[in-house]
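Take the sequence shown: its letters are residues -9 to 338, numbered as in the working numbering. The beta-carbon is built from N, C-alpha and C at its ideal position, and this holds for glycine as well. Heads up, the thing below is written out as structure tokens.
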Amino acid sequence: MSERRRGSRKEVGCKQEVYARKVDVGHVRNHKKEAFFLKKWKFGFSVILAIALWCGAAGADIAYTVVDSGYSAGSIGTIMKEEADFTIGALKSGFGGDPWVYSFIDADGKDKAVLREFQYSGDNDSVYIYDPIDLNAPIANTNKWGRNLYGVAREGEYLYLALQDVYSATGDTSGQVARIKVGDYDKDPDKIHAFSAESIADADYFRKPAGVTVANGKVYVLNQLRDVRYAPLYGEIVELDLDLNPTGKTARIGKNPSAMAFYDGKLYVACAGGMLGSGEYGSVWEVSLSNMSAARLVDLERALGASPAFQAMDITITPRGTAYILVYNMNWPTIDARIYKASVGDLA
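Now the structure itself:
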């Protein structure tokens, strides 16, 4: 079973706090930004929280999901991004199985929302495809994609899927990336690349995909490396061709990466920094796809203060270069979840 992102709050609501903070942004290239301007939205929920960010073709919306303490009843909601504020839409309930939401843009330039329900029974995920403006009835549904979907990306006629779990009767395994045809949602993948474990210091570290994107005719998979205790070692980005053959190019990034976003020839990666709730601080990394060089841009300990320990959980970037970063401070069973807004230029 994979580590789940979870937490709870006592009150329901959303409070916007806008401020500018002078910080020393941690940077591998020894560069310091004197001012890092952020807008912060702080969320509190009465149920266990699991947010996933996504931007549509116009960069208009953020979708998020919440699930109850029994991981049996989930809801999905939307947040409309405006210049100076967020408008929180009503939750749509009736989902189950620990839902997560992703998106892709189809061949006609239209947004599609992908909602997957993780099955703790060990069965494949239940996956539903929606038009984001109508969540009342799915366009399609399937349980053939695999287990623990952690990302979706489209290129041409294909969808690429990041899957953390592969069922094994003998214990944990590394995950895989799979490919299906757009529209053939209820068919088995036509291509699969299974990742292998790595033995380091007498411990097996499994590669667990945490995201996938396609850029410049290549597929990029975001992997967590962690052992059977879920203790993370480091993260990596692996380059494959469109038929899911590895090119041999990789980039090493921070521990426990959770999401990535592509913008202007580079990938921006949110890293939790350690196990969730471990007290370790997260970070945001930049990977140049021209040479797979990696640099840490933001150290959350420096950017947000010494306490509490915030971990970067998700990132999305609009076509105009505005980044939205989700951070957690988890002290089970409570969670402080915030979304920060900054330009990509300010991150770098």
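Simplified DSSP state of residue i, which is helix, strand or coil
i      : result
Glu226 : strand
Ala200 : strand
Arg310 : coil
Glu147 : coil
Leu290 : helix
Asp326 : strand
Ser273 : strand
Phe252 : strand
Ala50  : Because Ala50 sits at a pLDDT of 47, beneath the cut-off of 50, its placement in the model cannot be relied upon, and the following sentence gives the value as read from the coordinates. Coil, per DSSP.
Asp140 : The question names Asp, but residue 140 in the sequence shown is Tyr. DSSP places Tyr140 in strand when its eight states are reduced to three.
Ser65  : strand
Pro247 : strand
Asp304 : strand
Pro236 : strand
Leu125 : coil
Asn281 : coil
Tyr110 : coil
Ala262 : coil
Thr55  : strand
Gly16  : With a pLDDT of only 26 at Gly16, under 50, the local geometry of the prediction cannot be trusted, and the value read off the model is given with reservation. Of the three classes helix, strand and coil, the one that applies to Gly16 here is coil, per DSSP.
Tyr195 : strand
Residue interval of the alpha helix (DSSP H) (run including residue i)
i      : result
Asp336 : 334 to 337
Beta strand (DSSP E) segment containing residue i, residue limits
i      : result
Glu107 : 101 to 107
Thr132 : 130 to 132
Phe94  : 89 to 95
Phe85  : 82 to 85
Leu215 : 208 to 216
Ala187 : Here Ala187 belongs to no beta strand (DSSP E), and DSSP marks it neither H nor E.
Val156 : Looking at the DSSP string, Val156 is not in any beta strand (DSSP E), and its letter there is neither H nor E.
Ala168 : 166 to 171
Tyr120 : 116 to 120
Expected contact under 8 Å - CB spacing of residue i and residue j to nearest Å
i      : j      : result
Gly136 : Leu125 : At roughly 23 Å, the Cβ-Cβ gap does not stay under 8 Å, so Gly136 and Leu125 are not in contact.
Val117 : Leu149 : Incorrect: roughly 11 Å between the Cβ atoms, too far for contact.
Ala302 : Ala327 : With 8 Å as the limit, Ala302 and Ala327 do not qualify as a contact, their Cβ atoms being about 12 Å apart.
Leu153 : Pro199 : 6 Å
Glu276 : Leu290 : Contact flag wrong, Cβ pair sits at about 15 Å.
Tyr224 : Lys208 : Actually they are not in contact, since the Cβ atoms of Tyr224 and Lys208 sit about 22 Å apart, beyond 8 Å.
Which listed residue (the options) has its alpha carbon closest to that of residue i
i      : options                        : result
Asp180 : Pro89, Lys134, Asp162          : Lys134
Asp176 : Ala191, Ala187, Asn131         : Asn131
Asp113 : Val156, Ala63, Val274, Ala53   : Val156
Glu60  : Gly225, Gln109, Tyr195, Ala103 : According to the sequence shown, residue 60 is Gly rather than Glu. With distances taken between Cα atoms, Gly60 lies closest to Gln109.
Lys82  : Lys102, Lys100, Ala127, Asp101 : Ala127
Ser340 : Ser62, Pro122, Phe85           : It is not possible to answer for residue 340, since the shown part of the chain is limited to -9 through 338.
Ala103 : Trp90, Pro89, Ile119, Asp115   : Ile119
Thr308 : Tyr224, Tyr258, Ser186, Thr163 : Tyr258
Asp88  : Asp115, Gln166, Pro298, Thr68  : Asp115
Ile182 : Ala168, Ala191, Gly225         : Ala168
Asp217 : Ala299, Ile227, Pro236, Asp192 : Asp192
Arg197 : Val204, Glu188, Ala205         : Glu188
Lys171 : Arg292, Leu232, Asn206         : Leu232
Gly311 : Gly335, Arg292, Glu226, Ser278 : Gly335
Ala184 : Gly64, Gly173, Val204, Val228  : Val228
Ser268 : Leu337, Ile329, Leu294, Phe300 : Phe300
Gly264 : Pro298, Ala285, Glu226, Pro222 : Pro222
Gly165 : Ser186, Met282, Gly173, Ser278 : Ser186
Tyr330 : Leu105, Pro122, Ala313         : Ala313
Leu337 : Asp162, Gly86, Ala260, Lys100  : Ala260
Mind the definition here: the segment 238 to 255 touches the segment 211 to 227 only if three or more C-beta pairs lie below 8 Å; say whether that holds. yes
Examine the Cβ distances between the segment 89 to 109 and the segment 136 to 144 and report whether three or more of them are shorter than 8 Å. yes
Please determine if the segment 253 to 270 and the segment 228 to 240 are in contact, where contact requires at least 3 C-beta pairs separated by less than 8 Å. no
Do the segment 314 to 322 and the segment 266 to 286 make contact, defined as three or more Cβ pairs closer than 8 Å? yes
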